[in-house]
Amino acid sequence: ITLRLKQYIDYHREVLEFTQDISEAFGPMLFVYYLFHQVSGCLLLLECSQMSDAAALMRYGLLTAVLFQQLIQLSVVVESVGTVTGYLKDAVYNVPWEYMDTQDRKTVCIFLMNVQEPVHINALGLAKVGVQAMD
4 ITLRLKQYID YHREVLEFTQ DISEAFGPML FVYYLFHQVS GCLLLLECSQ MSDAAALMRY
64 GLLTAVLFQQ LIQLSVVVES VGTVTGYLKD AVYNVPWEYM DTQDRKTVCI FLMNVQEPVH
124 INALGLAKVG VQAMD
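Numbering (this note's numbering) for the sequence shown: 4 to 138.
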């Protein structure tokens with residue numbers, strides 16, 4: 004049981020380090036990318052809202068749909084990191100703590116508190132990136 008617990012803790016550390024590395028490496032690029040989507044999405048929706056010309060509506064409507072599809076696709080890929088940490092939370096919760104000694108029970112309690120908070124990739128340290136961040 005202690006070995007299994009150690010494996011979970013090591014895995015959680017790896018996920019945290021991976022998330023930190025990804026946030027440091029791609030954080031500025033993600034920030035600029037989401038800023039671009041924010042500005043261009045607003046402009047495209049403004050163009051679509053005028054609805055004066057059918058050809059312009061077709062052009063800007065299609066471009067708006069493609070832009071939002073790219074935004075959703077990237078957010079779903081980034082959100083998969085948070086999903087992996089959700090599985091870890093369930094695995095720690097299902098550890099047979101009733102067969103552990105006192106030291107291992109304390110370790111599981113502390114570890115369970117640490118895995119409760121989901122892990123997110125941050126864009127430039129300012130905003131969490133993912134599908135849930137769009138809510």
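Heads up, the beta-carbon is just placed ideally off N, CA and C, and yes, glycines get one too.
DSSP three-state assignment for residue i, whether helix, strand or coil
i: L49; result: helix
i: V132; result: strand
i: I25; result: helix
i: A12; result: Just to set this straight, residue 12 is Ile in the shown sequence, not Ala. In the structure shown, I12 sits in a helix (DSSP, three-state: H, G or I).
Residues that DSSP places opposite residue i in a beta bridge
i: I124; result: V132
Cβ distance (whole Å) where residue i is taken to contact residue j below 8 Å
i: Y102; j: I4; result: 6 Å
i: V81; j: I124; result: 5 Å
Beta-carbon gap between residue i and residue j smaller than 7 Å
i: V95; j: V69; result: no
i: L47; j: T67; result: yes
i: F34; j: L127; result: yes
i: T86; j: V18; result: no
i: V84; j: W100; result: no
Subject >> Length-filtered (4 minimum) alpha helix (DSSP H) runs lying within the region 32-112 >> reply: If we require 4 residues or more, the alpha helix (DSSP H) runs fully inside the region 32-112 come out as 57-96.
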